[in-house]
Amino acid sequence: MSIITYKRGTDTALTANFKQHEFDCKGHSCKCGCGCKTTPLDTKLIRKLQVLRNWTGKPITVNSGRRCETHNRCQGSAPGSYHVKGQAADIVIAGMTPAQVAKLAQEVGFVGVGRYRTFTHVDTRTVKYMWIDGKGAVSTHSGKRKKCPHSYTSVEELSVGSKGTAVRAVQWILNWAGYPCKVDGDFGGKTKAAVMDFQRDMLLTADGVVGYVTRCALKEVSA
């Protein structure tokens, strides 16, 4: 988890399909009149939403992202809400029911998933908790999270010509996240192209090299 704080009201791009203002606290337009000026956001939340966007191929509407404490109280939410921490979003995907979105969110790896009548809540808490309509926990939303079968503990830089288990892990994660390439442990041209597509979508330097920053982003989306 990495929290980055943005100035509220700016049009900063977060990934290929999400901008910072979509997650701004909406207290300015409600009776609480909060007046907050910043938007802290978890990079893991945004990157997993980008993967969800890749999977569905459909725009994701963020009904509620970050909430300041004043607006959160006004909404009647719990003081410890992940919205306050910048780690949650209430989302809608056109043409999909909240139940369908909740299932996919679980498969993407969101640990906190709540299903409501008109939207789905997702967050990046560390202990699994799932619920329906705010009325208590359920064990699952029918989604099954796939785990990378290849070990990825290496910290070496990977690029064209690299081979081995770490390359297989990178290739598997790329495929899972929506960036097709062959999982063969051989870092060739197609793997480089997939890495570059991933880097562009996550607004990283698109050099086709898996260094520290790209490695962290890959592990974050697949965690």
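Residue 1096 in my numbering sits at position 83 of the sequence shown; the count goes up by one each step and never skips.
Don't be surprised by glycine CBs; every beta carbon is placed ideally from N, CA and C.
Remember, it's a predicted structure, so these values are computed and weren't measured experimentally.
Query                                                                                                                            : Result
Test item: CB-CB of L1054 and R1079 under 8 Å                                                                                    : yes
Contacts around Y1192, its chain only, beta-carbon distance under 7 Å, and the 5 residues preceding and following it disregarded : A1207, D1210 and F1211
Range of the contiguous alpha helix (DSSP H) that encloses T1069                                                                 : T1056 to T1069
Sufficient close CB pairs (3 or more, under 8 Å) joining the region 1226–1234 to the region 1180–1192                            : yes
Y1095 classed as buried or exposed, judged by whether at least 16 other C-beta atoms fall within 10 angstroms                    : buried
Extent of the continuous alpha helix (DSSP H) run through K1203                                                                  : G1202 to D1214
Under the three-state DSSP convention, the category G1174 falls into                                                             : coil
Contact under 8 Å by Cβ, Q1100 with G1156                                                                                        : no
beta-carbon V1222 near the ligand NAD non-hydrogen atom, thresh 7 Å                                                              : By its list of ligands, the structure shown contains no ligand whatsoever, and the ligand NAD lies outside what it can speak to.
Expected contact under 8 Å - CB spacing of K1195 and K1205 to nearest Å                                                          : No, K1195 and K1205 are not in contact; Cβ-Cβ is about 12 Å, not under 8 Å.
Whole-Å CB distance - R1021 paired with T1052, under 8 Å assumed                                                                 : 5 Å
Beta-carbon proximity of S1172 to V1222, cut-off 8 Å                                                                             : yes
Close-in-space but distant-in-sequence residues of the same chain around D1103 (CB under 6 Å, 5 per side omitted)                : N1076, S1077, F1132 and H1134
Distance CB(A1029)-CB(R1213) smaller than 8 Å                                                                                    : yes
Distance, A1115 Cα to I1186 Cα                                                                                                   : 21 Å
Reference L1216; option with closest CA among D1037, E1035, I1059 and K1039                                                      : I1059
Residue range of the alpha helix (DSSP H) that includes R1228                                                                    : Y1225 to S1235
A1112 versus T1153, Q1033 and G1224, residue with shortest Cα-Cα distance                                                        : T1153
C-beta contact flag for G1149 and K1176 at 8 Å                                                                                   : no
Between the CA atoms of T1166 and Y1019 - distance to the nearest angstrom                                                       : 32 Å
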